[in-house]
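Number 175 in the working numbering belongs to position 182 of the sequence shown; there are no gaps in the numbering. Glycine included, C-beta positions come from ideal geometry on N, C-alpha and C. These notes concern the structure reproduced below.
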Amino acid sequence: MKLALLDELARRPLLGDGATGTQLQSLGLLPGACGEFWNTEQPDRVRELHRRYLAAGADLLTTNTFGGTTFVLSNHDAATRMHELNVAGARLAREIAGDRAWVLGDLGPFGGLLEPLGDTPAEDVTRAFAAQAAALLEGGAEAILVETMSDPEELGLAVRAARAAGALVVLATYAFQKSPTGFRTMMGTSVPVAIAAALAAGADVVGANCGTELSLDDYTRLTAELVDAAGATPVIVQPNAGSPVLRDGKISYAESAAEFAAAAPRLLAAGARIVGGCCGSTPAHIAAMRAMVKN
-6 MKLALLDELA RRPLLGDGAT GTQLQSLGLL PGACGEFWNT EQPDRVRELH RRYLAAGADL
54 LTTNTFGGTT FVLSNHDAAT RMHELNVAGA RLAREIAGDR AWVLGDLGPF GGLLEPLGDT
114 PAEDVTRAFA AQAAALLEGG AEAILVETMS DPEELGLAVR AARAAGALVV LATYAFQKSP
174 TGFRTMMGTS VPVAIAAALA AGADVVGANC GTELSLDDYT RLTAELVDAA GATPVIVQPN
234 AGSPVLRDGK ISYAESAAEF AAAAPRLLAA GARIVGGCCG STPAHIAAMR AMVKN
């Protein structure tokens, strides 16, 4: 599968899917609730999420396991359910993907700080990521997506853990924001340093998602910097649909599907090989990008 996915990526750009959390909320998930519970408690709704993105034209379906480490699940008194929830999440995505899409097993941040800035040993985090990755692969994920990272060390631990668990393809993305000195992660890491760390860890695809207060024009500029730092390694870019705004008691995102469609050629021209969406993006956003990516 590594050769199949990466060979296809070398042949043509691929289209990722969009947001998971905001879409699950549109299907009834309460804000603050554990979305991973739905992998076993509301599987039909998770299937529907994946089905909508597949129908929109996504080549890559991302499992509903962003908060699936034992660290994050412990906040919901569910650390002991890590294996069950991740296997179930991967199986749901694999069932819908069939032979039309690849399944990316999703690993998000563990939710704390590594020593010495924090109190969590790197060894404990590595074990958590490896266990989650193994469960996702068992459930049928064909690649592991390490996403929304701020700390290059944490990203490196996750990439290496996924590889040790047997992942043949690992994608790794950071969340960037604008600063007086350019694009930086929340930890203050620049694009070249962040991407160098991802490459050193062995990521097959590198890039960005979920940027804080970044416009689509900002993402175009960020993409060019990512491509320059990545060299020959493919780049993935999945923007938010603008910054979240509270309207009538509900969170909304300003950038439309049409704006995503208009941005897709710019992202590709800047060198991205995979484009999709993150927070606030919908199947309509992905469908609008499809015509620009698959032409």
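For the pair Leu138 and Asp99, the CB atoms are nearer than the 8 Å cut-off. If you keep only unbroken alpha helix (DSSP H) runs of at least 4 residues inside the segment 187 to 241, you get 209 to 223. The Cβ atoms of Glu29 and Thr73 lie no closer than 8 Å to each other. Apart from sequence neighbours up to five positions away, the residues of its chain that approach Ala277 with a beta-carbon distance below 6 Å are Ala250, ordered along the chain. Under DSSP, no beta-bridge partner is assigned to Tyr46. Short of 8 Å from the beta carbon of Glu108, and not among the five residues preceding or following it, lie these beta carbons of its own chain, in chain order: Pro114, Ala115. When DSSP states are grouped into helix, strand and coil, Phe59 belongs to the coil group. Contact between Phe64 and Gly104 holds: CB atoms are separated by about 5 Å, below the 8 Å threshold. When the five nearest sequence neighbours on each side are left out, the beta carbons in the same chain lying within less than 8 Å of the beta carbon of Gln170 are those of Phe176, Arg177, Thr178, Met179, Gly204, Thr205, Glu206, Leu207, in order along the chain.
Looking at Leu110, Ala134, Ala187, the one whose alpha-carbon comes closest to that of Thr141 is Ala187. For Glu140, the enclosing beta strand (DSSP E) stretches over residues 136 to 142.
When the alpha-carbon of Ala134 is set against those of Leu85, Pro36, Gly200, the nearest one is in Leu85.
Non-local beta-carbon contacts of Ser19 in its own chain, meaning distances under 7 Å to residues more than five positions away in sequence, are absent.
Contact check for Arg38 and Gly21: beta-carbon distance about 7 Å, within the 8 Å limit, so the pair qualifies.
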